[in-house]
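Visitor:
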Amino acid sequence: MGLYSKFGRKEFIEISGRKTSLNIAAIITICTITIFCLGAVINIQSFLEDKMNDDYVKTVPINIPISCSSGGSFADISANIESNLKIVDGKGKFDVQSVYEVCATNLDFKMHDKNQSYGARVACVKSEKDILWNLVAKKKEIFITPHKSNTLFNEDKNGSIVISENFAKKVFASSYDDVIHQNIPVFVNHDPGDGDQFNKIPVSAIVQSLPLQIDAVISNGLYNKLKQDDYLIPEDELSNFEDRYWISDSDYKKLEQSNPEFVSQIVSVSSGDSFVRGITFQYPGSNEYVPKGFGIIHYLSIDDCIDLSDQEISNRSTYKLITTFNNLDSVRLFSKYLEENTQMLGCASDESALIVDLSSIESKESIDVINGLSVITIVALYSFSVLLIISFCLSIMRLHIEKNKPNLGTLKAFGLSNKKVLQLYASVTFSFIGIAFLFGFLFNEILGNYILNGILSLMNLTTKTAGLEFSNMNFLLSFLILVCIPVSLIMMKIRLILKSTPGALVFQRDQQ
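Just so we're aligned, residue 33 is where the sequence shown starts under my numbering, counting upward by one.
#1: If I follow the unbroken alpha helix (DSSP H) through V519, where does it start and stop?
#2: From I195, G480, L509, V92, pick the residue whose C-alpha is nearest to that of V363; which is it?
#3: Bridge partners of Y150, per DSSP?
#4: Spatial neighbours of T64 within its chain, please: C-beta separation below 6 Å, excluding the five flanking residues on both sides.
#5: Buried or exposed: which applies to G486, given that a residue is buried once 16 or more other Cβ atoms fall within 10 Å of its Cβ?
#6: Can you list, in chain order, the residues of its chain whose CB lies under 6 Å from that of N319, leaving out five sequence neighbours each side?
#7: So what does DSSP say about K161, is it helix, strand or coil?
#8: Rounded to a whole number of angstroms, what is the C-alpha to C-alpha distance between D162 and K202?
#9: Give the DSSP bridge partners of F219, in chain order.
#10: If you drop the 5 nearest sequence neighbours on each side, which residues of the same chain put their C-beta closer than 6 Å to that of N458?
#11: With 16 as the cutoff for other CB atoms within 10 Å, does F502 come out buried or exposed?
#12: How long is the line joining the alpha carbons of S149 and M143, rounded to whole angstroms?
#13: Are E197 and V154 close, meaning C-beta to C-beta below 8 Å?
#14: So, at 8 Å on beta carbons, what are the nonlocal neighbours of N504 in its own chain, with the 5 sequence-adjacent residues on each side left out?
#15: Please name the residue in N55, I59, L54 whose C-alpha comes closest to that of V418.
#16: Below 7 Å CB to CB, which residues in the same chain sit around I517 once its five sequence neighbours on both sides are set aside?
#17: Suppose contacts are defined by Cβ-Cβ distances below 8 Å. Is M429 in contact with T461 by that definition?
#18: Measuring straight from C-alpha to C-alpha, what distance separates E434 and S427?
#19: Alpha helix (DSSP H) containing I478: first to last residue?
#20: I need the straight-line Cα distance from S395 to L167, nearest angstrom please.
#21: Select from L530, K83, A468, I250 the residue whose C-alpha is nearest the C-alpha of P438.
#22: Taking the C-alpha atoms as reference points, what is the distance between C425 and G466?
#23: Bridge partners for V194 per DSSP, in chain order?
#24: How far does the alpha helix (DSSP H) with L509 in it reach, from first residue to last?
#25: Give me the Cα-Cα distance between S463 and L431, rounded to the nearest whole angstrom.
#26: Going straight from the alpha carbon of I402 to that of S159, what length do you get?
#27: What are the boundary residues of the alpha helix (DSSP H) that includes F366?
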């Protein structure tokens, strides 16, 4: 036993050769790089999958061609699509969550003291129950300004606007950081063709992103007010604004018959423009004077937004029917269904099909390919790393065995069993690889995120990968693959070497 202990102390302390530090550094480097690469690949894969599962991404626009109006109104088309989808989806053909309409237009924005203005794509929403607004409101990355509102639909009679972070930075520039701390308004020109007439409205919130390439969201009621040239005067204080309502022609006639005294007190009556069908009026008094049941509303219905002339749609507003899918895999099937059922959906039989925006599904298909390649990369990287660790460590062990074959043969001749020798080699190998693994794992746990961000910054991908964070793989799984498997395979090889007889070891005869 004394020989055994002595052999363990003096011989096995040199098991990695004379360049012990260099060998340890090499195995640590292999483990550290492997763990980082695996963690980065898996986190990027998870990041891309989360992106594709985002509600914004699963929101697929359907562009309704102007020519389809010959087959029915846009309201009829959208109703037909929704009803047909319910029938088809009921058979499990599509995984559709909801179908709804979005009316958007282009407006110019600027700060009060800036000459340069920026065009924005603005969507109108009807109420807090609007599906588009629900998509925006449930986003975590939303910054509320001191306007004391996290919604467009508060009791404030003048309303407010929600804008995307990118557009806010463009409009407010160096003043952007003050927007979420101070009540800084934005100025909007509701009719760019009518000169440089900008009106002040407050910003209630800034959201990190908006769907459908939208820059801002306002309520239909606020948009209605903005469209009245005699309502908002540039640089007027918000507190001086008066209420203005929209009422349909038919309801206005009922109002004239039932309450002519009320109608006579109306300050001004003007027919609504082509965007707002109906009559607008001001009343200098409390809302309690407005008779009940006569349809005086604050928010435009979507039918009013979509019943425009072809020229007005192409010049001032765009109309899309929005379909939200639970699963993007059925989008292409959905697109084919619309193409084959154009006439049934409200368009004339000779019209081109309703156009489904396939950019999301194309992105998903690309990401599916990337995910497949990621799996191959992970397997290949694991395999290469395990083989490299085995090759490196086995080379060191074999070198030590070759150097000490006479000693091993002598010890075996004196009764030292292979089991004892294997235990020594196993403990040294396990410690050698295990320490390298633990160092690499802890190193990446502490610095992995900084390294990944540094690499992304060098590649100018920081903005596109916002939210991507590094995290190590599961510890037990990594330990099993990078430590246990290599040690087991190395021990199997060493067991074959040590099967030699004591004489073969002493005289270094190769029996393999």
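The beta-carbon is built from N, C-alpha and C at its ideal position, and this holds for glycine as well.
Bear in mind that the values here come from a model prediction, so they are computed numbers and not experimental data.
Guide: Quick look at the numbers:
#1: It spans 517-529 - the alpha helix (DSSP H) in which V519 sits, taken as one unbroken run.
#2: Comparing alpha-carbon positions, the option among I195, G480, L509, V92 lying closest to V363 turns out to be V92.
#3: DSSP output for Y150 lists F141 as bridge partner(s).
#4: Same-chain partners within the cutoff: G472, F475.
#5: By the 10 Å Cβ count, G486 comes out exposed.
#6: Its pLDDT being 42, under 50, N319 is placed unreliably in this model, and the value from its coordinates should be taken loosely. Correct list: empty, nothing qualifies.
#7: Note: K161 maps to coil in three-state DSSP.
#8: Cα to Cα, D162 sits roughly 27 Å from K202.
#9: Under DSSP, the beta-bridge partners assigned to F219 are K142, K232.
#10: The sequence as given places Ala at residue 458; Asn does not occur at that position. Only M523 meet the Cβ criterion.
#11: By the 10 Å Cβ count, F502 comes out buried.
#12: In this structure, the straight-line span from the alpha carbon of S149 to that of M143 is close to 8 Å.
#13: Against a cut-off of 8 Å, the Cβ pair of V154 and E197 comes out as no contact.
#14: Within the same chain, N504 has close Cβ partners I67, G71, F473, N476, E477, G480, S510.
#15: That would be I59, whose Cα lies nearest to the Cα of V418.
#16: Scanning its chain for C-beta atoms nearer than 7 Å, with the 5 sequence neighbours on each side dropped, one finds around I517 the residues V418, in chain order.
#17: The criterion of a C-beta distance shorter than 8 Å is satisfied by M429 and T461.
#18: Each residue's alpha carbon lies about 10 Å from the other.
#19: The continuous alpha helix (DSSP H) containing I478 extends over residues 450-490.
#20: Whole-angstrom Cα-Cα distance: 20 Å.
#21: Closest by C-alpha distance to P438, out of L530, K83, A468, I250, is L530.
#22: Going by C-alpha positions, C425 is about 12 Å away from G466.
#23: By DSSP's assignment, V194 forms a beta bridge with A237, V249.
#24: The continuous alpha helix (DSSP H) containing L509 extends over residues 507-511.
#25: Between S463 and L431, the C-alpha separation is close to 18 Å.
#26: Distance between the alpha carbons of I402 and S159: 40 Å.
#27: Counting along the chain, the alpha helix (DSSP H) containing F366 begins and ends at 363-372.
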